[in-house]
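S.K.:
Residue numbers (mature numbering (1 follows the signal peptide of the UniProt record, and there is no 0)): -23 to -1, 1 to 149.
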């Protein structure tokens, strides 16, 4: 089961990294309410809190471009993943179909029947601007910020999940 969850996380990260980030100028706002090492949000009004052990941030640089990956999962297999390609400092990055460099994904993994796992992605075709991630603080060891997005289940019933009041305080 742990291997499957890790496989889902890796798969989502690879898919998201294959997309690419534009940044709006701004100071990044406040850091949100997430406790150290966690991602918190409301998913259609329901609280989501990731486990410290299943939450992380990573940074990679290649070809003159930096990519930041943020992820947090809970014990039930639900997870939030955010990828910022071409990261260039604190500030606001939009989720928009005209900007596929910044992506967000919400996953509900079905550990008993992986083929029934569901994924909601932002942006999606024809979405326009559907949210943003604000990086308020980044050091060599930590990244903090807030986010919100509307994501579409592009592989299933086309439903929308509204992710609000999101924040993260993650270690690299």
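Glycine is no exception: its CB is placed at the ideal position from the N, C-alpha and C atoms. If you're wondering where the values come from, they're calculated on a predicted model, not measured in any experiment.
#1: First and last residue of the beta strand (DSSP E) that includes residue 128?
#2: Less than 8 Å between the CB atoms is what I'm expecting for residue 149 and residue 34, so what's the real figure, rounded?
#3: Work out the CA separation of residue 44 and residue 135 for me, nearest whole Å.
#4: Tell me the DSSP bridge mates of residue 146?
#5: Quick check on DSSP: helix, strand or coil for residue 81?
#6: Relative to the C-alpha of residue 79, which residue among 38, 107, 103 and 41 is closest?
#7: Would you identify the three-state DSSP class for residue 31, choosing helix, strand or coil?
#8: According to DSSP, is residue 92 helix, strand or coil?
M.R.: Quick answer:
#1: 119 to 129
#2: 5 Å
#3: 28 Å
#4: 15 and 121
#5: strand
#6: 107
#7: helix
#8: helix
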